[in-house]
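Worksheet for the structure shown next.
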Amino acid sequence: MIDEKPVCVGLWDTAGQEDYDRLRPLSYPQTDIVLLCFSISGTDSLENITSRWIPEIDRYIPDCPRVLVGCKSDLRASNPDECVPRTEIEKVAKDAGLEYYETSALIQDGLKHCFDSAIRCGLAGSRKKTKSKSPFGIFKKKKPDDPIPPVMPPAGKAPWIEIETSTFAEDWQKMLEDPKFSDVTFLLEDGQQKLQAHKLVLCSASKYFCQILGLPNSKTNQLSNIDNKQISLEELNSGRIEGIAAVYLSEEKYKATITTVEISANITAKTFARVLEFIYTGVPRIPEIHEDLSEVQELCRVAKIFNLSMLETICRNIENEEDFLNPSIGTYLNDETGKEMKTLFFNKPSCCDVIFRVEDQSIYANKVVLCARCPVMAAMFSGKFVESDNEILTEVKIPNTSVECFLALLEYMYTDHAPIEETDSVGIVVLADEYGQSRLVDLCELYITKEVDKSVTKRIEKAEIDVIGLLLTAQAYNANQLAGWCLHFISSNYIAFEKRQDFSKLKGDNKDHVEEHRWPPLSYLKEVEVYEAEMKKRGEKCRIM
Numbered sequence: 001m002i003d004e005k006p007v008c009v010g011l012w013d014t015a016g017q018e019d020y021d022r023l024r025p026l027s028y029p030q031t032d033i034v035l036l037c038f039s040i041s042g043t044d045s046l047e048n049i050t051s052r053w054i055p056e057i058d059r060y061i062p063d064c065p066r067v068l069v070g071c072k073s074d075l076r077a078s079n080p081d082e083c084v085p086r087t088e089i090e091k092v093a094k095d096a097g098l099e100y101y102e103t104s105a106l107i108q109d110g111l112k113h114c115f116d117s118a119i120r121c122g123l124a125g126s127r128k129k130t131k132s133k134s135p136f137g138i139f140k141k142k143k144p145d146d147p148i149p150p151v152m153p154p155a156g157k158a159p160w161i162e163i164e165t166s167t168f169a170e171d172w173q174k175m176l177e178d179p180k181f182s183d184v185t186f187l188l189e190d191g192q193q194k195l196q197a198h199k200l201v202l203c204s205a206s207k208y209f210c211q212i213l214g215l216p217n218s219k220t221n222q223l224s225n226i227d228n229k230q231i232s233l234e235e236l237n238s239g240r241i242e243g244i245a246a247v248y249l250s251e252e253k254y255k256a257t258i259t260t261v262e263i264s265a266n267i268t269a270k271t272f273a274r275v276l277e278f279i280y281t282g283v284p285r286i287p288e289i290h291e292d293l294s295e296v297q298e299l300c301r302v303a304k305i306f307n308l309s310m311l312e313t314i315c316r317n318i319e320n321e322e323d324f325l326n327p328s329i330g331t332y333l334n335d336e337t338g339k340e341m342k343t344l345f346f347n348k349p350s351c352c353d354v355i356f357r358v359e360d361q362s363i364y365a366n367k368v369v370l371c372a373r374c375p376v377m378a379a380m381f382s383g384k385f386v387e388s389d390n391e392i393l394t395e396v397k398i399p400n401t402s403v404e405c406f407l408a409l410l411e412y413m414y415t416d417h418a419p420i421e422e423t424d425s426v427g428i429v430v431l432a433d434e435y436g437q438s439r440l441v442d443l444c445e446l447y448i449t450k451e452v453d454k455s456v457t458k459r460i461e462k463a464e465i466d467v468i469g470l471l472l473t474a475q476a477y478n479a480n481q482l483a484g485w486c487l488h489f490i491s492s493n494y495i496a497f498e499k500r501q502d503f504s505k506l507k508g509d510n511k512d513h514v515e516e517h518r519w520p521p522l523s524y525l526k527e528v529e530v531y532e533a534e535m536k537k538r539g540e541k542c543r544i545m
């Protein structure tokens, strides 16, 4: 509604790449208002307004009103030093005789004011051009013999890249239920109950158990280290540490050290199992129906003993019927555990039981992480493979990959995150497919599509990135979402791709798909030819050339 009157607005976002310089002007006729948009995050985008877009508008629709629109205004608060100063933008607008509006689609700032003002400007301009009662020029009367440019059909939307839900918590829950490679044994209820666990997880998720089990805290601040100093065996066995009755070490087969921890008699096995679930997954598995809160209250008491403040919060949320908050706590804790696991154990020679040899370099890892997070590795170290021999230290040679890509794969297993931006993302896709890490494939697919978009903002035909080669790689290594996206991208930019030498790599089903879904379609291009021929017959210079 503009001035209490309904107005129908149609937006046409023109293709900016040079590959469409010939077709883009066909969208200009009957335009009522032009919004010249740029990003305030860089001067290049603003310079394009004066060097490219204003001259083009002056050529094809010189009398059409226009406004200057700065996008991403939210960056002025988050990254002010990287933004073009407003005074500089206003000078450009003044020199060009344009009204300037600044907007942010992200935080919905300035959008209504910008569109309302632009529509009023368009309405005023269209009234000057025609006496028609219709507010927009699309309804104005034309001469019978005035050829109308064909309407370019919109390109279909690119396929959405879906990211698989994280299985980090579920993977560690399974490892707790079937604790392979355990190196900690908890004795409860006077030794009647026994629970096995892993020092790696306990120390990564809990500062308390990091002190109990004798692994140094990750903090390098000497003052923090004083607060988090390790507790000696003598002190642990003195009975003065609440919750702990005794701790002792023993060597089992193949010289693996097992730590046995006797839990105080006032803590039941059932409650301590909930504590371990919290440590491993971020949220204990408490029945959803809490008719009797005594179990929750007991868990809260034990959480306080072991300095697990977040577990206390989870219990209080349940008591207050606010347990809907707990999943987000679990997600946060899993992220923190992954970070600490990376700091304490990732690629650390002193803590490893696996050595990978990649490009003649040694990479250190832990079987418990590999088996919990990767089915392929679990089969390798738990089955009948040579690597599953019960040696305390196993060495495995990994061929056909780089150190950087393999480290990225391992970091994902430890943290649920990978340095995709800093490494060969396509190489990570290949490894992730080989080791069954489908979510990591998804993350790489999303990153790669964004990188392709950024690399072809100016010209596709001569862009360095090989989208067709990327398509073939994606299909070879089960990156199906990336393959679908590449097919759509090639089809939607057919005119540019058919001029590239690598276009001949498209064969079979790929070629058929691209030909069937090409944009602009052949039917539209034929209409353009008819329009151009008609313009030539009239003896008029065709402006779209």
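Just so we're aligned: the sequence shown equals residues 1 to 545 in the UniProt record's numbering.
Virtual Cβ for every residue (Gly too), placed ideally from N, Cα, C.
Residue span of the beta strand (DSSP E) that contains alanine 474, given as start and end: Counting along the chain, alanine 474 falls outside any beta strand (DSSP E), though it belongs to the alpha helix (DSSP H) covering 467-476.
Return yes when the C-beta of glutamine 481 is under 6 angstroms from any heavy atom of the ligand NAP, and no when it is not. Of ligands this structure carries none, so the ligand NAP is not represented either.
State the Cα-Cα distance for the pair glutamate 312 and lysine 304, rounded to the nearest angstrom. 7 angstroms
So leucine 46 packs on valine 92, CB below 8 angstroms; how close in whole Å? 6 angstroms
Take phenylalanine 356 as the anchor and find which of Met380, Phe278, Asn334 and Leu344 has the nearest alpha-carbon. The shortest Cα separation from phenylalanine 356 among Met380, Phe278, Asn334 and Leu344 belongs to Met380.
Proline 154 burial status per 10 Å Cβ neighbour count (16 or more: buried): exposed
Exposure label - arginine 285; buried when at least 16 CB within 10 Å: exposed
Check whether the Cβ atoms of glutamate 298 and threonine 271 sit closer than 7 angstroms, and answer yes or no. yes
Mind reading off the beta-carbon distance from glycine 125 to isoleucine 33? Whole number of angstroms is fine, and I expect it under 8 angstroms. About 7 angstroms; that satisfies the 8 angstroms criterion.
Classify glutamine 108 as helix, strand or coil using the three-state DSSP reduction. coil
For aspartate 3, which residues of its own chain have a beta-carbon under 7 angstroms away from its beta-carbon, when the five flanking residues on both sides are left out? No residues qualify anywhere along the chain.
The region 55-66 in contact with the region 148-162 per 3-pair CB rule at 8 angstroms: no
If you drop the 5 nearest sequence neighbours on each side, which residues of the same chain put their C-beta closer than 6 angstroms to that of valine 403? Val358, Glu359 and Gln361
Three-state secondary structure (DSSP) of residue 560: Residue 560 cannot be examined here, being either before or after the span of the chain that is shown, 1 to 545.
Would you tell me roughly how many angstroms separate the C-alpha atoms of tryptophan 53 and glycine 427, rounded to the nearest one? 39 angstroms
Sub-7 angstroms separation of leucine 200 and phenylalanine 186 beta-carbons: Result no, Cβ atoms of leucine 200 and phenylalanine 186 do not sit closer than 7 angstroms.
Let me know the secondary structure DSSP gives serine 39 once reduced to three states. strand
Sub-7 angstroms separation of asparagine 317 and phenylalanine 345 beta-carbons: no
Alpha carbon to alpha carbon, what distance is there between isoleucine 40 and leucine 23? 28 angstroms
Taking the alpha-carbon of isoleucine 61 as reference, which of Cys203, Ile363 and Ser27 has the nearest alpha-carbon? Ser27
In terms of residues, what are the limits of the beta strand (DSSP E) holding alanine 245? 244-251
DSSP state of lysine 207 mapped onto helix, strand, coil: Helix at lysine 207.
Alpha carbon of cysteine 371 to alpha carbon of serine 166, nearest angstrom: 16 angstroms
Neighbourhood of isoleucine 119 by C-beta, 8 angstroms cutoff - its chain only, sequence neighbours within 5 removed: Ile2, Val7, Val9 and Ile33
Element boundaries [alpha helix (DSSP H), containing residue 572]: No statement about residue 572 is possible, as the shown extent of the chain runs from 1 to 545 and does not include it.
List the DSSP bridge partners of glutamine 196. Thr185
So leucine 446 and isoleucine 163 are supposed to be a Cβ contact under 8 angstroms. How far apart are they, rounded? 7 angstroms
Looking only at C-alpha atoms, which of Arg439, Leu407 and Ile314 sits nearest to leucine 293? Ile314
What's the gap between the Cα of glycine 282 and the Cα of cysteine 203? 14 angstroms
Go through its chain and collect everything with a Cβ distance to isoleucine 468's Cβ below 8 angstroms, but skip five positions before and after it. Cys486, Ile490, Phe497, Arg500, Asp502, Phe503, Lys505 and Leu506
Which partner residues does glutamate 395 have in the DSSP bridge list? According to DSSP, which records beta bridges pairwise, glutamate 395 is partnered with Ile355.
Which of the three DSSP states is assigned to cysteine 8 in this structure? DSSP places cysteine 8 in coil when its eight states are reduced to three.
Put tyrosine 531 into one of helix, strand or coil per three-state DSSP. helix
Between His198, Ala479, Glu451 and Ile263, which lies nearest to leucine 188 when the distance is taken from Cα to Cα? Of the candidates His198, Ala479, Glu451 and Ile263, the one whose C-alpha sits nearest the C-alpha of leucine 188 is Ile263.
Report the rounded CA-to-CA distance for residue 554 versus valine 369, giving the unit in angstroms. This structure does not reach residue 554, given that the chain is present from 1 up to 545, and the question cannot be answered.
Length of the line joining the Cα atoms of isoleucine 420 and alanine 408: 7 angstroms
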